[in-house]
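K.L.:
Residue numbers (mature numbering (1 follows the signal peptide of the UniProt record, and there is no 0)): -34 to -1, 1 to 480.
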């Protein structure tokens, strides 16, 4: 009897152990699948500010992404450089401009050059995702020179993308060319077939329908809005008819004590300039309404295919914008908050709703955060940014905040005099007929932006004056007064040493500067 009982006990124990092992393996597999199957979407607009009210038209986006997840305060989300191609290159590579070497929007400035394609694109974050079995889709504007003859034409498809629907050249809404998986596709001016924001949405929805449900997906959607030429969809062309650019802060103020480029605009601005920038401001908002619709339709689709709760959605812009600040009509490129702050909203698994975070975030952090979500080993990734998943969901990850960071820009100019402004001589660019120029060769600067323990901006220009600008944004949030001659010289020395270290940093050293 005893022998029989022992045998039964051993048999029962074996069954229980086997069941526990199966349950453990099943749980482990399911948990692994939870990580592996997290989908990711990055929506990147073009020239959308946050300081000048650029998120005001985005009611659906703020509700469906921001209220459902986290909104980074407009005081803490920044671009590493306030110009399209260098900024987008920073997003794609996770690197500061001094490391990815894209200086401006031209081929000679390394924008989508053959050198960039050989040296940077193979190490961009979509390549990592693709190797991790992510299905990848790109739609919309890529880099300003993409698809040009000197950049390899439409045949060139960057590595890491399964579906490639990229705009050739700079932002347009109609009458553009796409590279569709390396094949040229021309578009006209029919709203239903050609309006680029809607086309990007429709092709992304088709991708969601055709994808394999057995693998996660990553989509990067890059509509042209609100970049010029500010062509709104027909149903929105009368919207915001009474809206004008904000008149507060540094609007129509003189650029005294600033770099010479900011001292040359006429002040006050002529009425013609104000009318022009007000019109641009309204039309920018009009174009954004189609992006707001895009977000709504995309989330409805994710919900209908039961992927919404399993998908991280990021919404941001490549840089900010100005409309009349310091009497500059319209553009970006400047070191001030209106040009370097960007919107950032994120929702996804593990992110609690209706959060507003004050943690400083740079656009070079997007790639590391996306790879962190995907489960990549970040120690093997050579990028300057850091994941901000710990700030959004501290119960998922531990992490640290950076106390300060770098903003850098390389100015552009023409070797000959600008016809709009011959009296200022050569070396200028982006000039308006009333001789206000938005850029110059020596509008080249590097800044340390401090947010922890102080709220400071320290910038050095690469010019023959070695010009320096310093702002205390606690007492002077609109950067009206350059206090370089008023602050303690010891502080200037500290900031200068930080700047030297940041300008030469790479990878880990960019995250560990004290």
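Note that beta-carbon positions come from the ideal geometry of N, C-alpha and C, so glycine has one too.
Let's see if you can read the secondary structure: which residues bound the alpha helix (DSSP H) around residue 152?
P.N.:
Looking at the DSSP string, residue 152 is not in any alpha helix (DSSP H); the run it does join, the beta strand (DSSP E), is 149 to 152.
K.L.:
Beta strand (DSSP E) containing residue 405: first to last residue?
P.N.:
Here the beta strand (DSSP E) through residue 405 covers 403 to 406.
K.L.:
State the beta-bridge partners of residue 297 as determined by DSSP.
P.N.:
Answer by DSSP bridge pairing, in chain order: 288.
K.L.:
Taking 7 angstroms as the cut-off, does the CB of residue 350 come closer than this to any heavy atom belonging to the ligand ATP?
P.N.:
Within the structure as shown, the ligand ATP is missing, as the structure has no ligands at all.
K.L.:
Quick one: is residue 52 buried, meaning 16 or more other Cβ sit within 10 Å of its Cβ, or exposed?
P.N.:
Buried, because 16 or more other Cβ atoms sit within 10 Å of the Cβ of residue 52.
K.L.:
Within this structure, are the beta carbons of residue 357 and residue 325 separated by less than 8 angstroms?
P.N.:
Result yes, Cβ atoms of residue 357 and residue 325 sit closer than 8 angstroms.
K.L.:
Between the region 152 to 166 and the region 189 to 198, do three or more beta carbon pairs fall short of 8 angstroms?
P.N.:
The region 152 to 166 is in contact with the region 189 to 198.
K.L.:
Taking contact to mean 3 or more Cβ pairs, one atom from each stretch, closer than 8 angstroms, check whether the region 34 to 41 and the region 307 to 315 are in contact.
P.N.:
Contact holds: three or more Cβ-Cβ distances are below 8 angstroms.
K.L.:
With a 10 Å radius around its C-beta and 16 neighbouring C-beta atoms as the bar for buried, classify residue 127 as buried or exposed.
P.N.:
By the neighbour-count rule (16 or more Cβ atoms within 10 Å), residue 127 is buried.
K.L.:
What beta strand (DSSP E) runs, 3 residues minimum, are completely inside the region 35 to 91?
P.N.:
Counting whole runs of 3 or more residues, the region 35 to 91 contains the beta strand (DSSP E) stretches 36 to 38.
K.L.:
With DSSP as the reference, label residue 387 as helix, strand or coil.
P.N.:
Coil at residue 387, not helix or strand.
K.L.:
Are the CB atoms of residue 219 and residue 293 within a distance shorter than 8 angstroms?
P.N.:
Going by C-beta atoms, residue 293 is nearer than 8 angstroms to residue 219.
K.L.:
Is the region 360 to 375 in contact with the region 84 to 96, if contact means three or more CB pairs nearer than 8 angstroms?
P.N.:
Flag = no, the region 360 to 375 and the region 84 to 96 do not touch.
K.L.:
Would you check if the region 246 to 266 and the region 22 to 29 touch, i.e. whether three or more CB-CB distances between them fall below 8 angstroms?
P.N.:
Yes, they touch.
K.L.:
Using three-state DSSP, classify residue 525 as helix, strand or coil.
P.N.:
Here the chain comprises residues numbered -34 to 480, so residue 525 is not present and cannot be evaluated.
K.L.:
Is it buried or exposed, residue 224, if we count other Cβ atoms within 10 angstroms and call 16 or more buried?
P.N.:
Under this definition residue 224 is a buried residue.
K.L.:
Please determine, among 269, 100, 281 and 429, the residue with the shortest C-alpha to C-alpha distance to residue 14.
P.N.:
The shortest C-alpha separation from residue 14 is found at 281.
K.L.:
Hey, out of 12, 3 and 70, whose CA is closest to residue 483's CA?
P.N.:
An answer regarding residue 483 cannot be provided, because it is not within the stretch -34 to 480 covered by the chain.
K.L.:
Going by beta-carbon coordinates alone, are residue 457 and residue 412 separated by less than 8 angstroms?
P.N.:
Not in contact: residue 457 and residue 412 (Cβ atoms no closer than 8 angstroms).
K.L.:
Do the region 471 to 479 and the region 331 to 351 touch if we need at least three Cβ pairs shorter than 8 angstroms?
P.N.:
Yes, since at least three Cβ pairs between the region 471 to 479 and the region 331 to 351 fall closer than 8 angstroms, the two stretches touch.
K.L.:
Taking residue 246 as part of the alpha helix (DSSP H), name the residues at either end of that continuous run.
P.N.:
Counting along the chain, the alpha helix (DSSP H) containing residue 246 begins and ends at 237 to 270.
K.L.:
DSSP three-state call for residue 105: helix, strand or coil?
P.N.:
Strand at residue 105.
K.L.:
Fully enclosed by the region 128 to 169, which alpha helix (DSSP H) runs are 4 residues long or longer?
P.N.:
You should have 157 to 160.
K.L.:
Quick one: give me the first and last residue of the alpha helix (DSSP H) that residue 484 is part of.
P.N.:
Look at the range of the chain in this structure, -34 to 480, and you will see that residue 484 is not part of it.
K.L.:
Where residue 288 and residue 180 are concerned, what is the direct C-alpha to C-alpha distance, given to the nearest angstrom?
P.N.:
Cα to Cα, the separation comes out at about 45 angstroms.
K.L.:
With C-beta atoms as the reference, is residue 319 less than 8 angstroms away from residue 276?
P.N.:
No, Cβ-Cβ distance for residue 319 and residue 276 is not below 8 angstroms.
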